[in-house]
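A short worksheet on the structure shown next.
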Amino acid sequence: MDFALDAPHEQLRTLARRVAAEALAPRAAAYDREQRFPLEQMAALAERGFLTMLVPKVAGGSGHGSVAYALAMMEMAEACAATSVTMAVTNMVGDAIRAWGSDYLQNKYIPSLHDGRFTAGAFALSEPGAGSDASSLKATAVRKGDRYVLNGNKCWITSGDRAGVILVMAKTDPAAGSKGISAFLVEPEMAGFSVGRHEEKMGIRASSTVTINLEDVEVPVENRVGDEGVGFKIAMRALDGGRIGIGAQAVGIGRAALKAAVEYVGTTPGRADRASVRARLAEMSAELEAARLLVMRAADMKDRGIPFTKQASMAKMFATEAANRATHRALEIVGPDAVDARQAVERFFRDVRVTMIYEGTSEVQRVVIARQVLAEVQ
Ligand SMILES: Cc1cc2nc3c(=O)[nH]c(=O)nc-3n(C[C@H](O)[C@H](O)[C@H](O)COP(=O)(O)OP(=O)(O)OC[C@H]3O[C@@H](n4cnc5c(N)ncnc54)[C@H](O)[C@@H]3O)c2cc1C
């Protein structure tokens, strides 16, 4: 067993750290304040191949794989959580197109996700009343000759107003439950596609979260991803991989909070001598290290082609909760100064909360893990 990174992963992490420091960190606080979408940051990520890391080079991606992706997500999230979630969803969409899309779809969409012609990719599963229980979604796709006509409303869609392509889940057979869901690649230029409300969020404020409306959107049959009825499976597989990314995002934000706390303690006379401060720092660093190892293990299993659903959920549940505790402890260590909006700790505290919600809440991760654990003993 070797816990050290090999040379290519080490180099990739060094590159990610440099890009994060140069292109993301200097703008993170201002973009958060202004709720300004990180356009230039996404361009910088595209330029270095960080938007299609999970797609092999032969399929038009940068082919780094899941371990490298997790490492990069930690670096980006430490610098700017909002940019990192935009990066995460784009990578997830590219991964799903590569795994399930026809050659035609891969050739049509992956190059633009890769080189930044598309600012981002988006994933549209959630609806009002269908979040955790995504199989109860109501959007429909009715086949009419060589097209499907899509109708419905999607909510909380990351980059829904910025994406060049949106992976949309809709029911082709509403009577068949989760087995009646199919997946489609929708372009924002398609007639009947529109963006509704922009959410005003407590954290990751520079990322864009919108509702999207589909009103008789005609999608060519060749834009269906996979067969009819496999859309829910596609979404769940995509979320398995996505959870590695969000676990990594949480580790990155937690690490930023830990560093800020250490810096504060190091520059504030008398703080380093307090036992309660030392105890908090110890807990933060131990828990974040455990979280990092869980994330890396799930990513390594994905790269090796080993089923990783349980490990991804464990990584996401533990990492997001550990990172939430870490930002909370950082606030306690820094004290009253920490709630000042000019302090980065305040932003980390706001940014980290949503990691326990999107791509499956912490409660949903427990449901997934328990299901797997029970199946193992039967
Ligand atoms: C900033 C942001 C960005 C997002 N981006 C996207 C995106 O790009 N694409 C997309 O499709 N969705 C996106 N989402 C939606 C997100 O995935 C959902 O919010 C999440 O799945 C929870 O669904 P819900 O909000 O409907 O809450 P509900 O499902 O209504 O859950 C409410 C509460 O009940 C709990 N609960 C629900 N079911 C169970 C259960 N079986 N057992 C125990 N507890 C349960 C939940 O854990 C939660 O605490 C985003 C959300 C946010 C906040």
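Sequence positions in the sequence shown follow my numbering and run 4 to 381.
Here a beta-carbon is modelled for each residue, glycine too, at the ideal position from N, C-alpha and C.
What you are looking at is a predicted structure, and each value in this text was computed from that prediction instead of being measured.
Of the residues the options, the one placed nearest residue i, counting alpha carbons only
i      : options                        : result
PHE40  : GLY250, THR212, GLU218         : THR212
ASN110 : ASP149, VAL61, ALA73           : VAL61
LEU8   : ALA71, VAL222, ALA33           : ALA71
GLU130 : VAL254, SER105, LYS157         : LYS157
ASN327 : ALA102, TYR112, GLY257         : GLY257
ALA85  : SER105, TYR34, ALA125          : TYR34
LEU27  : SER365, ALA47, GLY63           : ALA47
PRO310 : ASP243, THR330, GLN252, ALA49  : ASP243
ALA260 : LEU42, ARG350, PRO272          : ARG350
MET359 : THR323, LEU170, THR330, ILE372 : THR323
HIS12  : PRO177, MET299, VAL92          : MET299
VAL171 : VAL22, ASP354, ALA123, LEU188  : LEU188
ALA102 : ILE169, ALA241, MET4           : ALA241
ARG281 : GLN44, ASP343, VAL337          : VAL337
GLY363 : MET239, THR271, ASP340         : MET239
SER105 : LEU291, ALA347, ALA186, PRO272 : ALA186
TYR107 : GLU225, ALA325, ALA278, SER316 : GLU225
ASP5   : VAL370, ALA315, ASP303, GLY66  : ASP303
HIS201 : ARG51, GLN38, GLU25            : GLN38
LYS141 : PHE121, GLN44, LEU217          : LEU217
ARG36  : LYS204, ALA91, LEU42, HIS67    : LYS204
CYS83  : PHE121, PHE352, THR271, ALA10  : PHE352
LEU42  : ALA315, LEU377, THR55, PHE121  : PHE121
ASP354 : ALA325, ALA253, ASP343         : ALA253
VAL370 : ALA91, ASP340, ALA315          : ALA315
THR271 : ASP340, HIS67, PRO59, TYR361   : ASP340
TYR112 : GLU190, LYS182, MET90, HIS67   : GLU190
MET90  : LYS262, GLN14, SER365, THR55   : THR55
ALA289 : ALA263, GLU192, ASP343, ALA325 : ALA325
ALA230 : ALA378, ARG277, LYS182, ALA263 : One detail in the question is off: residue 230 reads as Asp in this sequence, not Ala. Measuring from the Cα of ASP230, the nearest candidate turns out to be LYS182.
HIS67  : GLU25, ALA24, GLN14, ALA23     : GLN14
Contact under 7 Å by Cβ, residue i with residue j
i      : j      : result
ALA127 : ILE160 : yes
ILE207 : VAL357 : yes
SER135 : GLY180 : no
ALA19  : GLU78  : yes
GLY308 : MET95  : no
GLY97  : ALA49  : no
ALA301 : MET76  : no
LEU74  : ARG16  : yes
ASP219 : GLY195 : yes
ASP375 : LYS313 : Correcting the residue type first, residue 375 is Gln in the shown sequence and not Asp. Yes.
MET287 : ALA347 : no
ILE169 : GLY234 : no
SER210 : VAL380 : no
MET317 : LEU291 : no
Cβ separation of residue i and residue j, assumed to be a contact under 8 Å, to the nearest whole Å
i      : j      : result
ASN153 : ALA144 : Position check: residue 153 holds Leu in this sequence, whereas Asn was assumed. With 8 Å as the limit, LEU153 and ALA144 qualify as a contact, their Cβ atoms being about 5 Å apart.
VAL228 : ILE215 : Their Cβ separation, rounded to whole angstroms, is 17 Å, which puts VAL228 and ILE215 out of contact at 8 Å.
GLY148 : ALA173 : Not a contact, Cβ separation roughly 17 Å.
ARG332 : ARG295 : So it is not a contact: roughly 17 Å between Cβ atoms.
VAL268 : ARG274 : 4 Å
LYS305 : SER115 : No, LYS305 and SER115 are not in contact; Cβ-Cβ is about 24 Å, not under 8 Å.
SER232 : THR175 : Before going on, a small fix: residue 232 reads as Gly here, not Ser. Right, the Cβ-Cβ distance comes to about 7 Å (below 8 Å), so this counts as a contact.
GLU81  : GLY255 : 4 Å
ARG150 : VAL222 : 6 Å
GLY124 : THR93  : 4 Å
GLY64  : HIS117 : 6 Å
ARG30  : GLN44  : 7 Å
ASN321 : ALA293 : The amino acid occupying residue 321 in the given sequence is Phe; Asn does not appear at that position. Contact holds; Cβ gap of about 7 Å.
Chain D within 7 Å of residue i, Cβ atoms only
i    : result
LEU8 : The structure shown contains no chain D; it is built from a single protein chain.
Whole beta strand (DSSP E) runs in the region 90–143 with 3 or more residues, listed along the chain? 123–127
Complete alpha helix (DSSP H) runs within the region 260–326 (minimum length 4 residues, chain order): You should have 278–307.
Please go through the region 45–85 and give each complete alpha helix (DSSP H) segment of 4 or more residues, from N-terminal end onward. 69–82
Can you give, in chain order, each stretch of the beta strand (DSSP E) that sits fully within the region 186–224 and has at least 3 residues? 196–201, 212–223
Quick check on the DSSP output: what are the complete alpha helix (DSSP H) runs of length 4 or more inside the region 12–40, in order along the chain? 28–37
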